[in-house]
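The block underneath contains the structure these notes are about, expressed in structure tokens.
Numbering (the working numbering), first residue to last: 81 to 191.
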């Protein structure tokens, strides 16, 4: 049984990499759009899933980070799990304008 578990673990971990960010890194924040609502004039799969980039202010724990959010995100808590973040690679076409968004506390938005 243990042999089978260790074999499966090694198969699962082949393509897995641990994410880790440093303070002052730039990251995108994952948002959850409401179903059936047009987002950025795109529907369904083509709508953006991440907004940003935002700067990491501090590392709270092994998997939690505090971000520098703009005043328009005042209703959103500023600490996020690492699964909600994606590393920003400097390219101006990747930046999604989030100013017209009204993001609620549960990170959903409606356009």
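Where a beta carbon is used, it is the ideal one built from N, C-alpha and C, also for glycine. A quick note: this is a predicted structure, and the numbers were derived from the prediction, not measured.
- Sixteen is the threshold: since fewer than 16 other Cβ atoms of the shown chains lie within 10 Å of the Cβ of residue 142, the residue is exposed.
- In terms of CA proximity to residue 133, 109 leads the group 164, 156, 109.
- As the crow flies, the alpha-carbon of residue 97 is around 30 Å from that of residue 153.
- Put simply, of 156, 146, 95, 151 the residue whose alpha carbon is nearest the alpha carbon of residue 106 is 146.
- Of all alpha-carbon atoms in 87, 136, 157, 156, the one lying nearest the alpha-carbon of residue 104 is that of 136.
- Between residue 165 and residue 101 a beta carbon distance of about 7 Å is seen, short of the 8 Å cut, so the two are scored as contacting.
- In this model, residue 111 and residue 129 are separated by some 6 Å (Cα to Cα).
- Just measuring C-alpha positions, the residue of 155, 171, 170, 140 sitting nearest residue 162 is 140.
- Residue 144 holds the alpha-carbon nearest to the alpha-carbon of residue 157 among 168, 84, 144, 169.
- Taking C-alpha positions only, residue 83 is separated from residue 99 by approximately 28 Å.
- In this structure, DSSP gives residue 140 a state outside helix and strand, which the three-state scheme calls coil.
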